[in-house]
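Asker:
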Amino acid sequence: MIEIHNIHKTFGDKKVLDGIDGVFESGKMNMLLGASGTGKSVLLKCIVGLVKPDLGSITYDGRIFTNNKLDIRQEIRRKIGMLFQGSALFDSMNVNENVEFPLTMLTDMNRTERKKRVEFCLQRVGLENAGNLMPSELSGGMKKRVGIARAIAPHCTYLFCDEPNSGLDPLTAITIDELIKEITEEYDITTIVVTHDMNSVLEYGDNVMFLYKGKKLWEGHSSGIMDTRVKELNDFIFSNRLMRDAKKIEQIEENEQRDEDIRNGEV
Ligand SMILES: Nc1ncnc2c1ncn2[C@@H]1O[C@H](COP(=O)(O)OP(=O)(O)OP(=O)(O)O)[C@@H](O)[C@H]1O
Ligand SMILES: [Mg+2]
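Dropping the structure here:
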């Protein structure tokens, strides 16, 4: 479990994060939702330690991360897997070498153990035959899979995914979301997914935080998100015509059910 409290971050005179609290549980798909430029990636980078918050605290399973001793922060960092916005594979390394990289950097596994772990992780993401390919030879969805394999390779306890399905077709996007969810549950990982994709949120969001101009305006299970009364969240969700149509259908169904209940004397 990761807990964040009162996180603030300003760049120059621009306040990007304005006092954010949150709890991210293990085995759950925790999602950070919000429009472009609203501070999702900055918050994720604060949690990982790539950006230092101006104020606030972050704890990993009860252990303080912010402002703690370097060796404690490094110990926590070793348990973090990160899928960057855009995959960020090393272009000069093949798939096997990309996945092996964090094992060489972060673990004391010997070569045979590393090879075995790379093989296992690639098989887990459905890429058992792609080890010798170079990143330039991979499709967008394959790159994301390699990114996920690389993130989980050092047996991560915490997994951060920044826009894991951006730039993918809707079907591939779903398979990537599904893979992240399966891995999260299977290994009881504390996963945080940054997204602005309502499909992902509705389908997989166990705990969703909506950020708006650096503040958290809504939090809850995805099943409640369509009924929100928060104006900014409503504007965000229903900026999309498909979502507006889905809401209309939901209302029609609710009205029909109510009429039927009245006819049956249940109301
Ligand atoms: N290192 C930095 N220096 C200065 N400003 C920054 C820095 N990193 C982010 N910002 C600013 O912080 C704001 C939030 O950026 P962030 O990348 O968190 O947005 P986001 O919500 O992830 O957007 P997107 O959905 O487009 O990825 C932006 O205005 C951005 O310009
Ligand atoms: Mg971002």
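In case it helps, UniProt numbering puts the sequence shown at residues 1 to 267. Each residue gets a CB set at the ideal place from its N, CA and C atoms; glycine is no exception.
Which class does Ile-148 belong to by DSSP, given the choice of helix, strand or coil?
Answerer: In the structure shown, Ile-148 sits in a helix (DSSP, three-state: H, G or I).
Asker: Please find out if some non-hydrogen atom of ligand 1 comes closer than 7 Å to the beta-carbon of Thr-38.
Answerer: Checking the Cβ of Thr-38 against ligand 1 gives yes.
Asker: According to DSSP, is Cys-161 helix, strand or coil?
Answerer: Residue state, collapsed to three classes: strand.
Asker: State the DSSP-derived secondary structure class of Thr-112, mapped to helix, strand or coil.
Answerer: DSSP places Thr-112 in helix when its eight states are reduced to three.
Asker: Would the beta-carbon of Val-42 be found less than 7 Å away from any heavy atom of ligand 1?
Answerer: Yes.
Asker: Rounded to the nearest angstrom, what separates Lys-231 and Phe-238 at their Cα positions?
Answerer: Those two C-alpha atoms are separated by around 10 Å.
Asker: Pick out the complete beta strand (DSSP E) segments inside the stretch 33-114, 3 residues or longer, and give them in chain order.
Answerer: Runs found: 55-60, 80-83.
Asker: Compare the C-alpha of Leu-127 against each of Asp-197, Leu-179, Gly-37, Glu-113 and name the closest.
Answerer: Closest option to Leu-127, Cα to Cα, is Leu-179.
Asker: When the Cβ atoms of the stretch 38-53 are set against those of the stretch 188-203, are three or more pairs found closer than 8 Å?
Answerer: Yes, since at least three Cβ pairs between the stretch 38-53 and the stretch 188-203 fall closer than 8 Å, the two stretches touch.
Asker: Return the first residue and the last residue of the alpha helix (DSSP H) that Leu-242 is part of.
Answerer: Taken as a continuous stretch (DSSP letters only), the alpha helix (DSSP H) holding Leu-242 covers 241-263.
Asker: Would you check if the stretch 75-85 and the stretch 153-170 touch, i.e. whether three or more CB-CB distances between them fall below 8 Å?
Answerer: In short, these stretches touch, since the Cβ pair count reaches three.
Asker: Determine which residues share a DSSP beta bridge with Asn-207 and list them.
Answerer: Asn-30, per the DSSP bridge assignment.
Asker: So, with DSSP's three-state summary, where would you put Asn-6?
Answerer: If DSSP states are grouped into helix, strand and coil, Asn-6 belongs with the strands.
Asker: From Ile-47 to Ile-58, what does the alpha carbon distance come to, in whole angstroms?
Answerer: So the alpha carbons of these two residues sit roughly 7 Å apart.
Asker: Within its chain, find whatever has a CB closer than 7 Å to the CB of Trp-218; leave out the 5 residues flanking it on each side and keep chain order.
Answerer: Same-chain partners within the cutoff: Phe-210, Thr-228, Val-230, Leu-233.
Asker: Could you give the distance in angstroms between the alpha-carbon of Met-109 and the alpha-carbon of Arg-150?
Answerer: Each residue's alpha carbon lies about 15 Å from the other.
Asker: Taking only three categories from DSSP, how would you classify Asp-235?
Answerer: It is helical.
Asker: Rank Leu-133, Ile-252, Met-134, Val-99 by C-alpha distance to the C-alpha of Leu-122 and give the top, closest one.
Answerer: Taking only the C-alpha atoms, the option nearest Leu-122 is Val-99.
Asker: What first and last residue would you give for the beta strand (DSSP E) that runs through Lys-216?
Answerer: Element bounds for Lys-216: 215-220.
Asker: Please report how far the alpha carbon of Phe-84 lies from the alpha carbon of Gly-224, in whole angstroms.
Answerer: Computed Cα separation, rounded: 28 Å.
Asker: If you check the beta carbons only, do Gly-141 and Thr-184 fall under 8 Å apart?
Answerer: No.
Asker: Looking at ligand 1, does it come within less than 7 Å of His-196, judged from the CB to the closest heavy atom?
Answerer: Correct: His-196 has its Cβ closer than 7 Å to ligand 1.
Asker: Around the C-beta of Glu-163, are 16 or more other C-beta atoms found within 10 angstroms, so that it is buried, or is it exposed?
Answerer: Buried.
Asker: Starting from Thr-190, trace the alpha helix (DSSP H) both ways and give me its first and last residue.
Answerer: Per DSSP, Thr-190 belongs to no alpha helix (DSSP H); it is in the beta strand (DSSP E), 190-195.
Asker: Can you tell me which residues form a DSSP beta bridge with Val-23?
Answerer: BP columns for Val-23 point to Glu-3.
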